[in-house]
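Trainee: Here's a structure for you.
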Amino acid sequence: MRLPFFFIALLFAADSIAQPFMLPKLPYAYTAYAPNIDAQTMEIHLTKHHQAYVNNLNKAIKGTAFESLSLEEILLTLPANGADAIRNNAGGHYNHSLFWEILAPKSNQGPCGESLTEAIKASFSTVDSLKKVIFSAAMSRFGSGWAWLMLTPNGELRVVSSANQDNPIMNFSVERGIPILGIDVWEHAYYLNYQNRRADYLTAVWDLVNWSVVSQKYDAAKSNTNLRSRLNSTKKNKKKGQ
Ligand SMILES: [Fe+2]
94 MRLPFFFIAL LFAADSIAQP FMLPKLPYAY TAYAPNIDAQ TMEIHLTKHH QAYVNNLNKA
154 IKGTAFESLS LEEILLTLPA NGADAIRNNA GGHYNHSLFW EILAPKSNQG PCGESLTEAI
214 KASFSTVDSL KKVIFSAAMS RFGSGWAWLM LTPNGELRVV SSANQDNPIM NFSVERGIPI
274 LGIDVWEHAY YLNYQNRRAD YLTAVWDLVN WSVVSQKYDA AKSNTNLRSR LNSTKKNKKK
334 GQ
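If you want this note's numbering, it's the 1-based position in the sequence shown plus 93.
Structure, rendered in structure tokens:
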């Protein structure tokens with residue numbers, strides 16, 4: 094049976110709003126990421142930490158203007174001050190959802206696509222140089238945060254890091270872009286197995302990056318001219334206001 098067009102449109106609209114927000118499922122079993130990341134860390138990270146961001150986000154937006162917005166729209170419009178619970182938990186939900194998507198056990202990883210391979214070559218020369226830049230951003234992030242590979246509004250690849258659960262989509266971030274790869278450098282991501290050895294965790298998690306998914310995200314970000322222009326226009330407005 095064919096679904097009428099308006100019904101299909103309604104399903105997509107409902108999905109893009111997707112309230113209340115829900116915890117995504119991991120694409121693989123908790124045990125599949127070992128030995129790089131142990132099963133207990135994966136399970137606690139998803140079902141305790143990420144779940145807490147989801148629960149607290151749903152609680153924080155209840156009865157506010159953010160209640161009817163998509164996650165991306167919340168990040169694009171939330172204020173820098175006065176909405177810390179939404180900022181931390183919307184960021185936490187967005188960042189972790191991306192993190193789970195881009196990780197895969199070695200046997201399930203696909204190759205880097207042609208367009209991302211070319212872009213990495215243009216901006217960093219080699220994947221190994223890119224790895225060094227990301228590791229440096231991750232190692233120098235004091236305390237908790239994230240290291241990102243993102244596409245800038247001008248269509249270039251750039252590595253940045255952010256504190257806590259902030260990310261480059263947020264409207265007050267200094268360097269903005271669409272994240273295509275994110276590395277969680279909160280201690281909860283590695284402490285059980287690596288304790289304070291962040292560098293060892295970074296080496297291990299890098300080997301879990303599924304470049305075919307990162308490539309899909311790169312291609313989608315390139316095509317998303319609407320979001321790129323919104324990221325760019327907010328930046329220009331900030332400059333005008335300075
Ligand atoms: Fe985390």
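Even for Gly, the Cβ is constructed at its ideal location relative to N, Cα and C.
Nearer than 7 angstroms: is that true of the beta carbon of D312 relative to any heavy atom of ligand 1?
Mentor: As a working mapping, residue 312 is identified with position 219 in the sequence shown. Not under cutoff, so the answer is no.
Trainee: How should S254 be labelled, buried or exposed, when 16 other C-beta atoms within 10 angstroms of its C-beta is the threshold for buried?
Mentor: Position 161 of the sequence shown holds residue 254. Per the 10 Å Cβ criterion, buried.
Trainee: For A125 and G248, I'd like the C-alpha separation in whole angstroms.
Mentor: Numbered from 1 along the sequence shown, position 32 holds the residue referred to as residue 125. Numbered from 1 along the sequence shown, position 155 holds the residue referred to as residue 248. Those two C-alpha atoms are separated by around 34 angstroms.
Trainee: If we require 4 or more residues per run, which alpha helix (DSSP H) segments fall completely within the segment 238-273?
Mentor: Runs of the alpha helix (DSSP H) inside the segment 238-273: none found.
Trainee: Does the pairing of the segment 196-207 with the segment 252-271 give three or more beta-carbon distances under 8 angstroms?
Mentor: No: fewer than three Cβ pairs fall under 8 angstroms.
Trainee: For the alpha helix (DSSP H) holding N182, just list the boundary residues, first then last.
Mentor: For the purposes of this step, residue 182 is taken as residue 89 along the sequence shown, with counting starting at 1. Here the alpha helix (DSSP H) through N182 covers D177 to I195.
Trainee: Would you call the segment 291-308 and the segment 189-203 touching, i.e. three or more CB-CB distances under 8 angstroms?
Mentor: Yes, they touch.
Trainee: Mind checking which residues open and close the alpha helix (DSSP H) that includes K224?
Mentor: As a first step, residue 224 is located in the sequence shown; it is residue number 131 there, counting from the start. Segment V220 to S233, the alpha helix (DSSP H) holding K224.
Trainee: Does the segment 275-285 come into contact with the segment 181-197, if we say contact requires no fewer than three beta-carbon pairs (one atom in each stretch) closer than 8 angstroms?
Mentor: Judged by Cβ distances under 8 angstroms, the segment 275-285 makes contact with the segment 181-197, as three or more pairs qualify.
Trainee: Buried or exposed for V298, please, with buried defined as at least 16 other CB atoms from any protein chain shown within 10 angstroms of its CB.
Mentor: What you label residue 298 is simply residue 205 of the sequence shown in a count that begins at 1. When all chains shown are included, V298 counts as buried.
Trainee: Taking a cut-off of 6 angstroms, which residues have a beta-carbon closer than that to any heavy atom of ligand 1, in chain order?
Mentor: Working through the chain, the matches are H138, H142, H189, D277, W279, H281 and A282.
Trainee: For T318, count neighbouring Cβ atoms within 10 angstroms of its own Cβ and tell me buried if that reaches 16, exposed if not.
Mentor: Taking the first residue of the sequence shown as position 1, residue 318 is located at position 225. Looking at its Cβ environment, which holds fewer than 16 other Cβ atoms inside 10 Å, T318 is exposed.
Trainee: If we count the other Cβ atoms within 10 Å of its Cβ and call it buried at 16 or more, is T245 buried or exposed?
Mentor: Translated into positions along the sequence shown, residue 245 becomes position 152. Flag for T245 reads buried.
Trainee: If we ignore side chains and look at the alpha-carbon of each, how far apart do L116 and H143 end up?
Mentor: Along the sequence shown, read from residue 1 onward, the residue named residue 116 stands at position 23. Along the sequence shown, read from residue 1 onward, the residue named residue 143 stands at position 50. Rounded to the nearest angstrom, the two C-alpha atoms are 7 angstroms apart.
Trainee: May I ask you to report which of helix, strand or coil DSSP gives V302?
Mentor: Position 209 of the sequence shown holds residue 302. Strand at V302.
Trainee: Beta-carbon separation of R234 and I271 under 8 angstroms?
Mentor: Taking the sequence shown and counting its residues from 1, one reaches residue 234 at position 141. Taking the sequence shown and counting its residues from 1, one reaches residue 271 at position 178. No. Outside cutoff.
Trainee: Do S65 and L250 have their C-beta atoms within less than 8 angstroms of each other?
Mentor: Missing from the structure shown is residue 65; the chain here goes from 94 to 335 and no further.
Trainee: Measure how close the beta-carbons of Y146 and G185 come, nearest whole angstrom, since I'm counting them as under 8 angstroms.
Mentor: Translated into the one-based positions of the sequence shown, residue 146 becomes position 53. Translated into the one-based positions of the sequence shown, residue 185 becomes position 92. At roughly 3 angstroms, the Cβ-Cβ gap stays under 8 angstroms, so Y146 and G185 are in contact.
Trainee: In terms of alpha-carbon separation, which member of V220, A282 and N286 lies closest to G238?
Mentor: Translated into positions along the sequence shown, residue 238 becomes position 145. That would be A282, whose Cα lies nearest to the Cα of G238.
Trainee: Under three-state DSSP, which class holds D131?
Mentor: For the purposes of this step, residue 131 is identified with residue 38 of the sequence shown, where counting begins at 1. Note: D131 maps to coil in three-state DSSP.
Trainee: Give me the DSSP bridge partner(s) of G275.
Mentor: Position 182 of the sequence shown, counted from the first residue, corresponds to residue 275. According to DSSP, G275 bridges with W241.
Trainee: Here's the rule: buried if 16 or more other CB atoms are within 10 angstroms of the residue's CB, otherwise exposed. What is S222?
Mentor: Your numbering for residue 222 matches position 129 in the sequence shown. Result: exposed.
Trainee: What first and last residue would you give for the alpha helix (DSSP H) that runs through E166?
Mentor: By one-based count along the sequence shown, residue 166 stands at place 73. Run containing E166: L164 to T170, per the alpha helix (DSSP H) assignment.
Trainee: At the level of alpha carbons, what is the spacing between T170 and S316?
Mentor: As a first step, residue 170 must be located in the sequence shown, where it is residue number 77. As a first step, residue 316 must be located in the sequence shown, where it is residue number 223. Each residue's alpha carbon lies about 22 angstroms from the other.
Trainee: Please classify T134: is it buried, with 16 or more other beta-carbons within 10 angstroms of its beta-carbon, or exposed?
Mentor: Here residue 134 refers to the residue found at position 41 when the sequence shown is read from its first residue. So T134 counts as buried.
Trainee: With DSSP run on the structure shown, which of helix, strand or coil describes Q309?
Mentor: One-based indexing of the sequence shown puts residue 309 at position 216. Residue state, collapsed to three classes: helix.
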